[in-house]
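Novice:
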Amino acid sequence: MVGIVGGAAALTVWATGSPGDQVHEGATTGQLLASADGRTLTLSIGWGCERQPELLVRELPDKVRVSIKHTVPATDPPGLCDPMGGYARITAHLKAPLGNKPLIDAVTGRPVVHFDGRNLALPTYLPDHYFPYPQDQMAQIPGLEPFPEDRPNWATGYHVGTEPGVGASLIVRQTRGAGPAPAGRPTTVVKGHPATFTSADPNLGPRSLTWFDGTYTFTVSTGAPVDLSDQELVRVAESLK
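Offset between the sequence shown (1-based) and my numbering: plus 10.
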């Protein structure tokens, strides 16, 4: 099936993969990171009732077009939700560095909001027994404020132990521009900037430390279950480089 999307030639095309599967190309949604070397695009995405989506790229001389390939498997009876879905990070590799070329959504024709990995701050200190999330695992803590869709942002995740999905989590989120002022008054200072501790629920977490450095809003969050002290959150925050 061929149609028109946003006035541009349709790129949402239904096709057949395995017998009965429905495959289509959709607009790019979720958090998107362009690596510091410009050669890898990584998308944090959630999905339901389909196989894990794929990130598609088309490199042109003056831009890179991106989209998401969705595959809905045939089920018996039809309409059964199998598989149920999930959360992950999916990647696509470019033959040439992205450089200053814009990322354009191949379906809508609009620019794609993405975070430039050259500006990503990472902690040089981690609490004992904390390790980075696996590269394909989406960094998330249930109960955190939703990510803004209209501004570049990225979350980097760490968890206790070397097995994914076990123990507490630590999330460092970096968003371009000033975010909404956290509830309450500044209670500490991070790198010379007022910073606020917030907690949606003192009993369940997560608990966060948030500040704005004039360019980015940073949030360092602990949760599931909450076990890092305020002092540890400040230490992680101060180590960001």
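Where is the CB? At the ideal position from N, CA and C, for every residue including glycine.
So the candidates are Val170, Thr198, Pro158, Met148; which of them puts its Cα closest to the Cα of tyrosine 226?
Specialist: Pro158
Novice: Spatial neighbours of proline 63 within its chain, please: C-beta separation below 7 Å, excluding the five flanking residues on both sides.
Specialist: Ile55, Trp57, Ile78, Lys79, His80, Ile100
Novice: With a floor of 4 residues, list each alpha helix (DSSP H) that falls wholly inside the region 78–114, ordered by position along the chain.
Specialist: none
Novice: Per DSSP, which one or two residues make a beta bridge with leucine 250?
Specialist: Pro133
Novice: Which of the three DSSP states is assigned to leucine 53 in this structure?
Specialist: Judged by DSSP in its simplified three-state form, leucine 53 adopts strand.
Novice: Within 7 Å: the Cβ of threonine 225 and any heavy atom of the ligand GTP?
Specialist: The ligand GTP is not part of this structure, which contains no ligands at all.
Novice: Based on the DSSP secondary-structure assignment, which residues constitute the bridge partners of leucine 243?
Specialist: Looking at the DSSP assignment, leucine 243 forms no beta bridge with any residue, so it has no partner.
Novice: Just to check my reading of the structure: threonine 208 and alanine 188 have Cβ atoms closer than 8 Å, yes? What is that Cβ distance to the nearest angstrom?
Specialist: Contact doesn't hold; Cβ gap of about 16 Å is too wide.
Novice: Can you grab the Cα-Cα spacing for the pair leucine 219 / valine 123, in whole Å?
Specialist: 25 Å
Novice: Is it true that the region 31–47 meets the region 116–133, where meeting means three or more beta-carbon pairs spaced less than 8 Å apart?
Specialist: yes
Novice: In angstroms, rounded to a whole number, what distance separates the CA positions of leucine 51 and proline 87?
Specialist: 37 Å
Novice: Hey, out of Pro142, Val74, Thr39, Val230, whose CA is closest to threonine 185's CA?
Specialist: Val230
Novice: At the level of alpha carbons, what is the spacing between proline 235 and glutamate 173?
Specialist: Approximately 16 Å, taken between the alpha carbons.
Novice: Near phenylalanine 125, what residues of its chain come up, given a Cβ to Cβ distance below 8 Å and the 5 sequence neighbours on each side ignored?
Specialist: Gln41, Leu42, Leu43, Ala44, Pro162, Asn163, Trp164, Gln184, Arg186
Novice: Taking isoleucine 181 as part of the beta strand (DSSP E), name the residues at either end of that continuous run.
Specialist: DSSP places isoleucine 181 inside the beta strand (DSSP E), whose first and last residues are 179–186.
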